[in-house]
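Participant: Residue numbering for the sequence shown follows our numbering, starting at 13 and increasing by one per position.
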Amino acid sequence: MDNIVVIVNASAGLGYCGGWTAALAEKFRAQGVEADITLAKSGAEMIARAERAVAEGAATVAAGGGDGTINAVASVLVGTPTRLGVLPLGTLNHFAKDLKIPLDLDEAVANAVHGVAAQVDVGEVNGRIFLNNSSLGIYPDLVRDREQQQRHLGRGKWPAFGLALFTALRRFPFLSVRLKINGDEHLRRTPFVFIGNNEYLQGLTLGARERLDTGKLCLYVAQKPTRLGLLRYAVHALFGQLKAARDFDVLSASELTIETRHQRLRVATDGEVTLMSPPLCYRSRAAALTVIVPPAD
Numbered sequence: 013m014d015n016i017v018v019i020v021n022a023s024a025g026l027g028y029c030g031g032w033t034a035a036l037a038e039k040f041r042a043q044g045v046e047a048d049i050t051l052a053k054s055g056a057e058m059i060a061r062a063e064r065a066v067a068e069g070a071a072t073v074a075a076g077g078g079d080g081t082i083n084a085v086a087s088v089l090v091g092t093p094t095r096l097g098v099l100p101l102g103t104l105n106h107f108a109k110d111l112k113i114p115l116d117l118d119e120a121v122a123n124a125v126h127g128v129a130a131q132v133d134v135g136e137v138n139g140r141i142f143l144n145n146s147s148l149g150i151y152p153d154l155v156r157d158r159e160q161q162q163r164h165l166g167r168g169k170w171p172a173f174g175l176a177l178f179t180a181l182r183r184f185p186f187l188s189v190r191l192k193i194n195g196d197e198h199l200r201r202t203p204f205v206f207i208g209n210n211e212y213l214q215g216l217t218l219g220a221r222e223r224l225d226t227g228k229l230c231l232y233v234a235q236k237p238t239r240l241g242l243l244r245y246a247v248h249a250l251f252g253q254l255k256a257a258r259d260f261d262v263l264s265a266s267e268l269t270i271e272t273r274h275q276r277l278r279v280a281t282d283g284e285v286t287l288m289s290p291p292l293c294y295r296s297r298a299a300a301l302t303v304i305v306p307p308a309d
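1) Are the beta-carbon atoms of glycine 208 and leucine 191 separated by less than 8 Å?
2) Across which residues does DSSP place arginine 190 in a beta bridge pair?
3) From what residue to what residue does the beta strand (DSSP E) around glutamate 136 run?
4) Is the distance from the Cβ of asparagine 144 to the Cβ of phenylalanine 107 below 8 Å?
5) Quick check on aspartate 133: buried or exposed, where buried means 16 or more other Cβ atoms within 10 Å of its Cβ?
6) For aspartate 118, count neighbouring Cβ atoms within 10 angstroms of its own Cβ and tell me buried if that reaches 16, exposed if not.
7) Just how far apart, CA to CA, sit aspartate 48 and asparagine 21?
8) What residues in its chain sit with their C-beta under 7 Å from that of glycine 80, if we drop five residues either side in the sequence?
9) Tell me the DSSP secondary structure of arginine 59 in three-state form.
10) Reducing DSSP to helix, strand and coil, say where alanine 209 ends up.
11) Are the CB atoms of arginine 276 and glutamate 136 within a distance shorter than 8 Å?
12) Taking 7 Å as the line, does the beta carbon of leucine 111 fall inside it for any heavy atom of the ligand FMN?
13) Buried or exposed, going by whether 16 or more other CB atoms sit within 10 Å of the CB of asparagine 105?
14) Indicate whether valine 189 and isoleucine 270 have their beta-carbon atoms separated by less than 8 Å.
15) Quick one: what's got a C-beta closer than 6 Å to alanine 124's C-beta in the same chain, skipping five residues either side?
16) Around the C-beta of glycine 78, are 16 or more other C-beta atoms found within 10 angstroms, so that it is buried, or is it exposed?
17) Count the other C-beta atoms from every protein chain shown that fall within 10 angstroms of the C-beta of aspartate 110, then say buried if there are 16 or more, exposed otherwise.
18) I think alanine 265 touches asparagine 194, with their Cβ atoms under 8 Å apart; what is that distance to the nearest whole Å?
19) According to the Cβ coordinates, are aspartate 196 and valine 233 closer than 8 Å?
20) Which partner residues does asparagine 145 have in the DSSP bridge list?
21) Within 10 Å of its beta-carbon, does alanine 120 have 16 or more other beta-carbons around it, so buried, or fewer, so exposed?
22) Measuring straight from C-alpha to C-alpha, what distance separates threonine 33 and leucine 51?
23) From this set, Ile141, Lys53, Ala35, which residue's C-alpha is nearest glutamate 46's C-alpha?
24) By the three-class DSSP mapping on this structure, what secondary structure does arginine 41 have?
25) What number of angstroms, rounded off, separates the C-alpha of alanine 300 from the C-alpha of arginine 201?
26) Taking the continuous beta strand (DSSP E) assigned at alanine 298, which residues delimit it?
27) For alanine 122, which residues in the same chain have their Cβ closer than 6 Å to its Cβ, ignoring the five residues on either side in sequence?
28) Whole-angstrom Cβ separation of leucine 231 and leucine 268, contact assumed at under 8 Å?
29) Could you tell me the boundaries of the beta strand (DSSP E) in which isoleucine 19 lies?
Written as structure tokens, this is what we have:
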């Protein structure tokens with residue numbers, strides 16, 4: 013049988029114990045491959061295993077977990093001939109959904125073995141990869157607050173998220189930024205800046221992308237909105253009219269720079285928050301990642 017390297021995020025508390033690993037190995041065996049499965053307990057362990065797989069010439073590395081896990085493994089595979097298989101075991105699974113990868117585990121395993129290779133773009137900010145999006149302002153603060161509640165107070169993810177959202181909206185901090193994009197400069201004072209790897213759709217598919225291969229980043233930034241203004245933007249997005257919303261910028265480019273007076277800034281990439289030193293230099297790395305996806309109909 014052929015071999016496939018499988019890296020699963022075992023730190024998510026989803027009960028990967030007992031016979032789970034053996035059952036997953038059997039699912040791959042049923043598709044004609046022998047799986048070398050690692051249950052990684054940290055992001056560092058995932059990255060180290062992926063680096064070893066690439067060094068050993070693995071044809072495919074499958075990552076099992078949420079978008080943060082897929083990001084960690086993909087960051088090693090970017091720019092290499094090793095293909096990424098996706099086992100969507102997270103809560104939202106945005107990357108898998110946008111590529112039409114099945115969410116059912118048996119079907120995802122079959123896709124990782126028998127799917128077709130597709131070249132997709134990745135975004136990069138100051139050397140850090142993102143598959144879905146990056147953001148500044150309210151969202152990174154919200155994630156940090158939620159994680160602190162989970163770690164120190166033992167709250168569940170969604171109760172902690174709800175309280176963190178309430179706290180963020182109550183504080184409602186603004187960020188002053190200088191955006192350099194397409195040869196122009198824009199000064200903005202805003203509660204958030206959002207950069208998508210390719211364009212995000214609006215309307216009832218809000219949060220989804222039709223394509224991940226245009227070689228473009230899409231920048232979304234609101235200008236001095238009130239709390240009610242943020243709600244209006246959400247309504248505009250729901251009905252596919254965000255680009256027409258007053259005082260809201262939607263711009264696309266292959267690269268852009270964000271400057272701010274802050275010496276250090278929290279930056280979210282696929283839900284993971286990192287402290288970075290501005291300027292923040294974003295670029296699209298077109299067709300830099302090979303992902304196994306279902307064949308086109």
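Where a beta carbon is used, it is the ideal one built from N, C-alpha and C, also for glycine.
Facilitator: Taking the definition as stated:
1) In this structure, glycine 208 sits away from leucine 191, with a CB-CB distance that is not shorter than 8 Å.
2) In DSSP, arginine 190 forms a bridge with Leu199, Glu271.
3) For glutamate 136, the enclosing beta strand (DSSP E) begins and ends at 128-137.
4) Cβ atoms of asparagine 144 and phenylalanine 107: closer than 8 Å.
5) Burial is judged here by how many other beta carbons sit within 10 angstroms of a residue's own beta carbon; aspartate 133 has at least 16 and is buried.
6) So aspartate 118 counts as exposed.
7) Spanning the two alpha carbons is a distance of roughly 14 Å.
8) Here the set comprises Asp282, Gly283, Glu284.
9) In the sequence on display, residue 59 carries isoleucine and not arginine. Helix, per DSSP.
10) The residue asked about is misnamed: residue 209 is asparagine in this sequence, not alanine. Three-state DSSP puts asparagine 209 in a strand.
11) Result no, Cβ atoms of glutamate 136 and arginine 276 do not sit closer than 8 Å.
12) In the structure shown, the ligand FMN is absent, as is every other ligand, since no ligand is present at all.
13) Looking at its Cβ environment, which holds 16 or more other Cβ atoms inside 10 Å, asparagine 105 is buried.
14) The answer is yes: Cβ separation under 8 Å.
15) Ala74, Gly97, Ile304.
16) When all chains shown are included, glycine 78 counts as buried.
17) Aspartate 110 should be labelled buried.
18) The pair is a contact, with the Cβ atoms about 5 Å apart (cut-off 8 Å).
19) No; because the gap between Cβ atoms is not below 8 Å, this pair is not in contact.
20) Beta-bridge partners assigned by DSSP to asparagine 145: Gly208.
21) Around the beta carbon of alanine 120, 16 or more other beta carbons sit within 10 angstroms, so the residue counts as buried.
22) Between the C-alpha atoms of threonine 33 and leucine 51 there is a straight-line separation of about 8 Å.
23) Minimum Cα distance to glutamate 46 is reached at Ala35.
24) Three-state result, arginine 41: helix.
25) Looking at the backbone, the Cα of alanine 300 and that of arginine 201 are separated by about 33 Å.
26) Unbroken beta strand (DSSP E) run through alanine 298: 292-305.
27) The residues are Gln43.
28) Confirmed, Cβ separation roughly 6 Å.
29) Run containing isoleucine 19: 14-21, per the beta strand (DSSP E) assignment.
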